[in-house]
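Numbering-wise (full-length UniProt numbering), the sequence shown opens with residue 1 and increments by one. Beta carbons: idealized from backbone N, C-alpha and C, even for Gly. Predicted model, so just to flag it, every value in this text is computed and none were measured. Down below is the structure, laid out as structure tokens.
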Amino acid sequence: MAAKLIGAGLACIALGGASIGVSRNPALRKELFNNAILGFALTEAMGLFALMMALIFLYAF
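In structure tokens, the structure reads:
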């Protein structure tokens with residue numbers, strides 16, 4: 001059971017790293033608006049994937 005909880009926690013760390021990478025330089029938002037929108041969408045997708053992996057680790061195995 002402890003390994004499941006550790007695995008779920010490690011899967012959720014991915015969201016924190018992705019959000020830090022997107023928010024490092026907000027001053028370029030005007031010049032890179034399209035890339036910023038794409039980055040936010042990919043960050044949200046990565047967060048949802050990390051949550052899905054955490055739930056799989058907790059309840060499927």
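Considering only the beta carbon of each residue, do G7 and F49 sit closer than 7 angstroms?
-> On the sequence shown, residue 7 is found 7 positions in, with the first residue counted as 1. On the sequence shown, residue 49 is found 49 positions in, with the first residue counted as 1. No.
Report the rounded CA-to-CA distance for L10 versus I37, giving the unit in angstroms.
-> As a first step, residue 10 must be located in the sequence shown, where it is residue number 10. As a first step, residue 37 must be located in the sequence shown, where it is residue number 37. Straight-line Cα distance between these residues: approximately 26 angstroms.
Under three-state DSSP, which class holds residue 75?
-> The requested residue 75 is not part of the displayed model; the chain covers only 1 to 61.
Between the C-alpha atoms of M1 and A54, what's the straight-line distance to the nearest angstrom?
-> As a working note, residue 1 is residue 1 in the sequence shown. As a working note, residue 54 is residue 54 in the sequence shown. Cα to Cα, the separation comes out at about 13 angstroms.
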